[in-house]
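Comments concern the structure below.
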Amino acid sequence: MSESEPFHQESDAPPEGDERQRDLDAPAVPFLERRSRPRRRIESAFVRLVATGGIVGICVAVAAIMGTQNVAAWIIGLVVSVVSVVLAAVLWSSRTL
Numbered sequence: 177m178s179e180s181e182p183f184h185q186e187s188d189a190p191p192e193g194d195e196r197q198r199d200l201d202a203p204a205v206p207f208l209e210r211r212s213r214p215r216r217r218i219e220s221a222f223v224r225l226v227a228t229g230g231i232v233g234i235c236v237a238v239a240a241i242m243g244t245q246n247v248a249a250w251i252i253g254l255v256v257s258v259v260s261v262v263l264a265a266v267l268w269s270s271r272t273l
């Protein structure tokens, strides 16, 4: 086997599955099966609330780490607010939650 030949060639054919997955290119095929029913409003709101709590936890951890490194308070506030806004925007723009 020469160096120019790949050791393992993968097929470009989509995996066997339902019709929707056959239409997608290989990187776009979902890892998990699609939900059989749409998520209810209350379930979606609860998931978003829990995820928002996770964002707050991440921001608290970032602030605590920066606080132990003697970073100026205004920089900690700026970094934490930017991180929280970016993560919240990603979370709340998601259509799957």
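Offset between the sequence shown (1-based) and this note's numbering: plus 176. Note that CB positions come from ideal geometry on N, CA and C, so glycine has one too.
Less than 7 Å between C-beta atoms, sequence neighbours within five positions excluded: which residues of the same chain meet that for residue i?
| i | result |
| --- | --- |
| residue 119 | As shown, the chain starts at 177 and ends at 273. That puts residue 119 outside it, with no answer to give. |
Should residue i and residue j be called a contact, given that it needs their Cβ atoms to be closer than 8 Å?
| i | j | result |
| --- | --- | --- |
| residue 241 | residue 264 | no |
| residue 261 | residue 238 | no |
How long is the line joining the alpha carbons of residue i and residue j, rounded to whole angstroms?
| i | j | result |
| --- | --- | --- |
| residue 226 | residue 236 | 15 Å |
| residue 256 | residue 222 | 24 Å |
| residue 216 | residue 245 | 44 Å |
| residue 234 | residue 249 | 17 Å |
| residue 220 | residue 254 | 30 Å |
Does residue i have its Cβ less than 8 Å from a Cβ in chain C?
| i | result |
| --- | --- |
| residue 266 | Of the protein chains in the structure, only one exists, and it is not chain C. |
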